[in-house]
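Colleague: Numbering (the numbering used here), first residue to last: 37 to 270.
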Ligand SMILES: [Zn+2]
């Protein structure tokens with residue numbers, strides 16, 4: 037298979053360049069999405085911590101209320117203690133006061149623990165909020181950068197495509213047909229350099245006959261992987 041005046045190495049280089057630019061163009065939105073996901077995760081963390089803080093505050097409020105109720109109850113019982121009409125009644129009331137006092141002491145400990153937990157959660161919320169700000173900054177930085185780059189990348193795609201088209205005009209007949217089919221199927225990997233008689237795509241050795249053809253500047257087809265092989269420039 038021959039292509040007089042055809043520089044396959046250059047054509048391949050252009051296809052690889054085109055592939056790289058197209059990759060950058062498709063990678064950009066994927067990377068933007070990944071950064072949006074990081075923002076969403078950070079925001080979910082803030083929401084979860086805020087919910088936790090709400091629960092802790094409700095629990096603390098409830099316990100504080102219980103404490104006040106018990107204190108009122110104890111004050112009431114102390115009044116009853118003074119008015120007790122028998123020793124038995126006195127002992128019962130005294131026992132109730134002691135039980136309620138122990139209960140209040142437990143409540144006070146629990147309330148103090150909750151205050152500590154609330155402090156901790158508030159710090160966690162601040163940290164999580166900072167992570168959101170950072171993730172949003174990073175998203176904006178990346179999205180802006182990609183928006184700025186993408187115009188240039190799109191222009192580059194058009195330029196390289198045009199250069200490819202110009203070089204393709206040197207292909208005719210069977211070779212053109214094969215080239216089209218292979219490029220449609222494999223993109224830039226439709227072609228491969230053949231160095232020291234080894235296919236650059238599948239690493240299989242070409243026949244001595246094909247090696248001679250390559251050396252005389254012809255394009256050959258790898259018998260193993262079907263790629264078009266060319267002799268790379270010295
Ligand atoms: Zn091969």
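Glycine included, each C-beta is placed from N, C-alpha and C at the ideal position.
With a cut-off of 8 Å on the beta carbons, I'd call residue 10 and residue 89 a contact; round off their distance for me.
Modeller: The structure shown does not extend to residue 10, since the chain is modelled only from 37 through 270, so no value can be given for it.
Colleague: Heavy atom of ligand 1 less than 7 Å from the Cβ of residue 214, yes or no?
Modeller: On the chain shown, residue 214 is found 178 positions in, with the first residue counted as 1. No, the beta carbon of residue 214 sits no closer than 7 Å to any heavy atom of ligand 1.
Colleague: Does the distance from the CB of residue 154 to the CB of residue 86 come in under 8 Å?
Modeller: Within the chain shown, residue 154 is the residue found at index 118, counting from 1. Within the chain shown, residue 86 is the residue found at index 50, counting from 1. No; because the gap between Cβ atoms is not below 8 Å, this pair is not in contact.
Colleague: Closer than 8 Å by C-beta to residue 136: which residues in its own chain qualify, once you throw out the five before and the five after it? Chain order, please.
Modeller: What you label residue 136 is simply residue 100 of the chain shown in a count that begins at 1. So the qualifying residues of the chain are 106, 109, 110, 113.
Colleague: Could you please give me the residues that DSSP links to residue 228 through a beta bridge?
Modeller: Locating residue 228 in the chain shown gives position 192, where the first residue counts as 1. According to DSSP, which records beta bridges pairwise, residue 228 is partnered with 265.
Colleague: Judging by CA-CA distance, which residue of 177, 264, 224, 226 is the nearest neighbour of residue 71?
Modeller: What you label residue 71 is simply residue 35 of the chain shown in a count that begins at 1. The residue with the shortest Cα to Cα distance from residue 71 is 177.
Colleague: With a threshold of 7 Å on Cβ separation, who are the neighbours of residue 58 within its own chain once the five nearest residues in sequence on each side are excluded?
Modeller: By one-based count along the chain shown, residue 58 stands at place 22. Closer than 7 Å at the Cβ level, and outside the excluded window around residue 58, lie 193.
Colleague: Could you tell me the alpha carbon to alpha carbon distance between residue 133 and residue 141, rounded to whole angstroms?
Modeller: Looking up residue 133 in the chain shown gives position 97. Looking up residue 141 in the chain shown gives position 105. Their backbone Cα atoms lie some 12 Å apart in a straight line.
Colleague: Do residue 237 and ligand 1 come close, with the Cβ less than 7 Å from some heavy atom?
Modeller: Locating residue 237 in the chain shown gives position 201, counting from the first residue. Yes, since a heavy atom of ligand 1 falls inside the 7 Å radius drawn around the Cβ of residue 237.
Colleague: Would you grab the beta carbon distance between residue 258 and residue 242 for me? Rounded to a whole angstrom, and I think it's under 8 Å.
Modeller: Locating residue 258 in the chain shown gives position 222, where the first residue counts as 1. Locating residue 242 in the chain shown gives position 206, where the first residue counts as 1. Between residue 242 and residue 258 the Cβ distance is about 7 Å, and since that is below 8 Å, they are a contact.
Colleague: Name the residue from 104, 128, 247, 265 whose alpha carbon lies nearest to the alpha carbon of residue 1.
Modeller: Outside the displayed span of the chain (37 to 270) sits residue 1, for which this structure offers no information.
Colleague: According to DSSP, is residue 257 part of a helix, a strand, or is it coil?
Modeller: Taking the first residue of the chain shown as position 1, residue 257 is located at position 221. It is a strand residue.
Colleague: Answer with buried or exposed for residue 94, where buried requires no fewer than 16 other C-beta atoms within 10 angstroms of its C-beta.
Modeller: Stepping through the chain shown from its first residue, residue 94 is reached at position 58. Per the 10 Å Cβ criterion, exposed.
Colleague: Pull the bridge partners of residue 235 from the DSSP assignment, please.
Modeller: Start at 1 with the first residue of the chain shown, and residue 235 comes out as number 199. 230, per the DSSP bridge assignment.
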